[in-house]
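Visitor: Note that the UniProt record's numbering gives residue 119 to position 119 of the sequence shown, counting from 1, and the numbers run on in steps of one.
Glycine included, each C-beta is placed from N, C-alpha and C at the ideal position.
This is the structure I want to talk about, given as structure tokens.
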Amino acid sequence: MLEIKNLHVKLEEEDKQILKGVDLSVGAGEVHAIMGPNGSGKSTLSYVMSGRDGYEVTDGSIALDGADMLEMEPEERAAAGLFLAFQYPVEIPGVGNMTFLRTALNAQRKARGQEEISAADFLKLIRERAKELKIGSEMLKRPVNVGFSGGEKKRNEILQMAVLEPKMCVLDETDSGLDVDAMKLVADGVNALRSEGRSFLVITHYQRLLNHIVPDVVHIMANGKIVKTGGKELAMEVEENGYSDILDAQNETG
Ligand code: ADP
Ligand code: MG
Ligand code: MG
1 MLEIKNLHVK LEEEDKQILK GVDLSVGAGE VHAIMGPNGS GKSTLSYVMS GRDGYEVTDG
61 SIALDGADML EMEPEERAAA GLFLAFQYPV EIPGVGNMTF LRTALNAQRK ARGQEEISAA
121 DFLKLIRERA KELKIGSEML KRPVNVGFSG GEKKRNEILQ MAVLEPKMCV LDETDSGLDV
181 DAMKLVADGV NALRSEGRSF LVITHYQRLL NHIVPDVVHI MANGKIVKTG GKELAMEVEE
241 NGYSDILDAQ NETG
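Here it is in structure tokens:
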């Protein structure tokens with residue numbers, strides 16, 4: 001599903017190399033977690049996947065279902081099935097949540113050469129999804145994320161995911177200080193949307209999120225690289241011993 005090879009990224013503004021050869025392969029239907037100390041490049045990886053300005057890919061590739069992501073505009077990436085959820089969801093004053101979702105869905109359909117969804121079909125779709133996620137109609141009418149609580153923003157993010165039906169979801173929850181309730185919301189949403197054809201990459205500084213979203217594979221990132229890969233027990237190991245053991249072993253083997 002997602003194939004990242006030898007990814008090297010530097011900042012555009014300064015001569016600073018941030019990702020130094022990231023290799024990552026996520027199969028269809030799998031849930032992978034990336035953990036790692038602060039400043040290791042986890043968020044940079046998600047930004048580069050989203051196509052955000054300010055970063056220069058100096059080597060390597062990112063492919064989604066065989067398609068070269070780096071050749072695509074951010075909207076094209078979304079149309080190809082990539083969804084990114086960030087720590088701080090954007091607020092869009094003056095744009096109702098429903099309108100935003102419909103616009104996003106139609107942009108995706110257009111890029112895929114599909115017809116726009118009819119108003120009636122959209123209403124039906126959104127009502128179904130909102131009901132499944134226990135989202136009230138009041139939240140659908142409010143401007144996107146404006147004045148939303150942390151929990152509401154998270155719920156809204158999951159709603160966007162449910163409506164857009166992405167193939168590959170990337171969630172960067174690093175250092176977000178999600179309270180336990182918001183974390184459970186994210187986890188329940190992700191778990192509800194897990195399916196054979198949909199993969200997740202969950203980026204987190206802390207192990208606790210992974211008690212709720214049980215990953216198939218855990219990667220540890222340090223200093224711009226994936227330095228260790230294992231099963232869910234790797235997250236427990238980090239929780240107990242911190243990152244130092246892994247990083248020391250890494251340094252000894254070079
Ligand atoms: P993580 O998410 O793992 O905490 P980041 O990807 O946020 O790590 O950051 C990786 C490194 O790159 C850090 O040293 C950070 O200071 C640096 N960095 C990232 N983006 C920028 C930027 N726009 N300007 C300067 N430094 C940056
Ligand atoms: Mg950080
Ligand atoms: Mg980060």
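Could you tell me the boundaries of the beta strand (DSSP E) in which N6 lies?
Guide: The sequence position of residue 6 within the sequence shown is 6, counting from 1. Its beta strand (DSSP E) spans residues 2-11.
Visitor: Assuming E12 contacts Y55 (C-beta within less than 8 angstroms), just tell me the rounded distance between them.
Guide: Here residue 12 corresponds to residue number 12 of the sequence shown, with the count starting at 1. Here residue 55 corresponds to residue number 55 of the sequence shown, with the count starting at 1. Right, the Cβ-Cβ distance comes to about 6 angstroms (below 8 angstroms), so this counts as a contact.
Visitor: Can you have a look at K225 and say buried or exposed, based on whether 16 or more other CB atoms are within 10 angstroms of its CB?
Guide: Reading the sequence shown from its first residue, position 225 is the one you call residue 225. Buried, because 16 or more other Cβ atoms sit within 10 Å of the Cβ of K225.
Visitor: DSSP state of residue 268, grouped into three classes?
Guide: A question about residue 268 goes unanswered here, because the residues of the chain that appear run from 1 up to 254.
Visitor: My parser needs the beta strand (DSSP E) runs of 3 or more residues fully inside the region 23-73; what are they?
Guide: 31-35, 55-64
Visitor: Based on DSSP bridge pairs, tell me the residues matched to F83.
Guide: For the purposes of this step, residue 83 is identified with residue 83 of the sequence shown, where counting begins at 1. The partner list for F83 (beta bridge, DSSP) reads C169.
Visitor: Per the DSSP calculation, residue 258 is bridged to which residue(s)?
Guide: The first residue shown for the chain is 1 and the last is 254, placing residue 258 beyond what the model contains.
Visitor: Is the CB-CB distance between F200 and V95 below 8 angstroms?
Guide: Locating residue 200 in the sequence shown gives position 200, where the first residue counts as 1. Locating residue 95 in the sequence shown gives position 95, where the first residue counts as 1. No.
Visitor: With a threshold of 8 angstroms, are at least 3 pairs of Cβ atoms found where one atom belongs to the region 153-164 and the other to the region 185-204?
Guide: yes
Visitor: With a floor of 4 residues, list each alpha helix (DSSP H) that falls wholly inside the region 73-134, ordered by position along the chain.
Guide: 74-79, 97-111, 119-132
Visitor: Going by DSSP, which residues form a beta bridge with K225?
Guide: Here the question's residue 225 lines up with position 225 in the sequence shown. A222.
Visitor: Check whether the region 138-148 and the region 56-66 touch, using three or more Cβ-Cβ pairs below 8 angstroms as the test.
Guide: Touching, no, given that fewer than three Cβ pairs across the two stretches are closer than 8 angstroms.
Visitor: Is R194 helix, strand or coil when you go by DSSP?
Guide: Indexing the sequence shown from 1 puts residue 194 at position 194. In the structure shown, R194 sits in coil (DSSP, three-state: anything other than H, G, I, E or B).
Visitor: Give every residue whose Cβ lies closer than 6 angstroms to any heavy atom of ligand 1, listed in chain order.
Guide: Answer in sequence order: L11, I18, G36, N38, G39, S40, G41, K42, S43, T44, G54, T174.
Visitor: The alpha helix (DSSP H) spanning L210 covers which residue range?
Guide: The residue given as residue 210 occupies position 210 in the sequence shown. Counting along the chain, the alpha helix (DSSP H) containing L210 begins and ends at 209-212.
Visitor: Excluding five sequence neighbours on each side, which residues of the same chain lie with their C-beta closer than 7 angstroms to the C-beta of K154?
Guide: On the sequence shown, residue 154 is found 154 positions in, with the first residue counted as 1. Only residues of its own chain outside the window of five on either side were considered, and among them A182, L185, V186 have a CB closer than 7 angstroms to the CB of K154, listed in chain order.
Visitor: Is the closest heavy atom of ligand 3 to the C-beta of D172 under 7 angstroms?
Guide: Taking the sequence shown and counting its residues from 1, the one referred to as residue 172 is at position 172. D172: yes, Cβ under 7 angstroms from ligand 3.
Visitor: What is the residue span of the beta strand (DSSP E) that S199 lies within?
Guide: Numbered from its first residue, the sequence shown carries residue 199 at position 199. Here the beta strand (DSSP E) through S199 covers 199-203.
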